[in-house]
Amino acid sequence: MRWVRRWIGVALIAGLLIGGWSLKAGNADTVAVDFLFGEIQLELWEALLCAFAAGFALAGAGWLWAGLRSQMTLRRYRKEVGGLEAEIHQLRNLPLASGSESSDARGFGSGG
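This is the structure in structure tokens:
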């Protein structure tokens, strides 16, 4: 089974290299990329690769932000649950009322 995974990995790497080589060969024309403060000349495949990397970075940053927010929320909820569990533990360990106090509370005291 291990050799099958290796062959699949080798095939994926070879496919990626062949795909990248054909992308470079098919898109070798030079294009002008205009920025806010200037212009640069790049080959088309380089511009495509930079655009893909920028999109990947922006999506990754959004994913990272959402993950951090959910982790902080989870941490806050776990702290809250821990506090509530400690409170329940304290309430369960309270001493029970003595016999005279409990009978007075129900109205069956000796006074009357």
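Sequential numbering of the sequence shown, starting at 269, is according to the numbering used here.
No residue lacks a Cβ here, since even glycine has one placed at the ideal position from N, Cα and C.
Looking at Arg337, Gly351 and Asn295, the one whose alpha-carbon comes closest to that of glutamate 314 is Asn295. Going by C-alpha positions, leucine 285 is about 21 angstroms away from glycine 323.
Rounded to whole angstroms, the separation of the alpha carbons of arginine 337 and glycine 330 is 11 angstroms.
Per DSSP, leucine 362 lies in no alpha helix (DSSP H) and is assigned neither H nor E. The continuous beta strand (DSSP E) containing alanine 300 extends over residues 298-302. The C-alpha of alanine 327 is placed about 25 angstroms away from the C-alpha of glutamate 311. Taking C-beta atoms under 8 angstroms as the contact rule, alanine 300 and glutamine 309 qualify, at a distance of about 6 angstroms.
Secondary-structure assignment with DSSP links glutamine 309 through a beta bridge to Ala300.
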